[in-house]
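*Asks:* Before we start, here is the structure in question, set down as structure tokens.
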Ligand code: HMG
Ligand code: MG
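Residue numbers (the working numbering): 1147 to 1452.
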């Protein structure tokens, strides 16, 4: 397997992970998580979402989270923004990096944003325009790239259409989301092969949920195809409240362990990351879903103050 010599990990646990938690998570815990992650060598930590608090009450404290964290040098803290109201709030809270999030499936666009794919692009256009004018970095997400719980198969042509549209709006990078974690290696290879003639593969990231246990192998397949950015979450937390059956992201420590053992640099200190996962698991009162964290933590008591 031909892997890149270095990859970038975008840690999405504080956003994708916590948005799906059933119990209200105290703001201080969110801040504690981000600050601990900031000391692990990660350079991108998706911190929260400026979405409608009616839709995602768990992240209603987005401004307080951004105000409370200690920004580490060299670390960026992107936030999700669906519309201009979200952009206003994010800018007022001091965000310097944002992400808009579309879908390759009509059904999920309706569920997640309450509008069609076409209308979502209209909603994002002024957000991306204003943000880029103000020097804010903008990322785009495409959800349901490997299948949709309502629609079933999602044609690659539909993934391509919205990926291109997000680049045309001005997104610097587009992250391909297997929101419900159903994709297989062959599917990821095929998807990237079909996208490659139309978009710059080095501007793509992958965001592959681990629902069917395929997150790691699928992410490695994407790396082999030329992608060098992957989204993961500490402890394997994650899931979208509007995607039935969606569970955690690929765990950051599972990816870091695999890459470290294969000579691929991530800049992330596995020990520090595991200490953070142990702390989080203790706070949430349940073991992490990460295989690596479970294996390592079974051999030692959790560190309570990483
Ligand atoms: P809507 O209800 O159709 O919008 O929601 P609206 O314009 O009718 O507004 C309704 C109310 O919300 C109004 O308040 C607005 O002011 C307010 P009211 O006047 O009734 O009191 N509102 C807002 N408040 C704060 N911040 C805002 C905002 N916008 C409206 N930004 C909307 C439309 C897009 C807002 C809604 O559908 C929404 O917030 N959706 C977000 C859903 C979400 O966060 N999903 C999870 C993230 S995506 C994901 O997890 C997938 C990903 O991980 C990739 C993958 O795995 O594939 C990224
Ligand atoms: Mg996700």
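Virtual Cβ for every residue (Gly too), placed ideally from N, Cα, C.
Here the structure is a predicted model, which is why all the values come from computation and not from measurement.
#1: Just the Cα atoms here: how many angstroms apart are residue 1347 and residue 1312?
#2: In the structure shown, what three-state DSSP assignment does residue 1326 receive?
#3: Which runs of the alpha helix (DSSP H) spanning at least 4 residues fall entirely within the stretch 1188–1256, listed in chain order?
#4: Are the CB atoms of residue 1218 and residue 1255 within a distance shorter than 9 angstroms?
#5: Give a single yes or no on whether residue 1325 has its beta carbon closer than 8 angstroms to a heavy atom of ligand 2.
#6: Mind listing, in chain order, the continuous beta strand (DSSP E) runs of no fewer than 3 residues lying wholly within the stretch 1320–1407?
#7: Residues in its own chain within less than 6 angstroms of residue 1297 by CB, not counting five upstream and five downstream?
#8: Going by C-alpha distance, which of 1412, 1258, 1192 is nearest residue 1229?
#9: At which residues does the alpha helix (DSSP H) containing residue 1417 begin and terminate?
#10: Should residue 1385 be listed as close to ligand 2, given that the test is whether its C-beta is under 8 angstroms from any heavy atom?
#11: Return the CA-CA distance between residue 1383 and residue 1433, expressed in angstroms with no decimal places.
#12: Taking 8 angstroms as the cut-off, does the CB of residue 1435 come closer than this to any heavy atom belonging to ligand 2?
#13: Going by DSSP, name the residue or residues bridged to residue 1154.
#14: Can you say whether residue 1290 is buried or exposed, counting buried as having 16 or more other CB atoms within 10 angstroms of its CB?
#15: From residue 1394 to residue 1231, what distance separates their C-alpha atoms?
*Replies:* With the given structure in hand:
#1: 14 angstroms
#2: coil
#3: 1208–1214, 1230–1238
#4: no
#5: yes
#6: 1350–1354, 1375–1378
#7: 1251, 1253
#8: 1258
#9: 1416–1430
#10: yes
#11: 11 angstroms
#12: no
#13: 1375
#14: buried
#15: 28 angstroms
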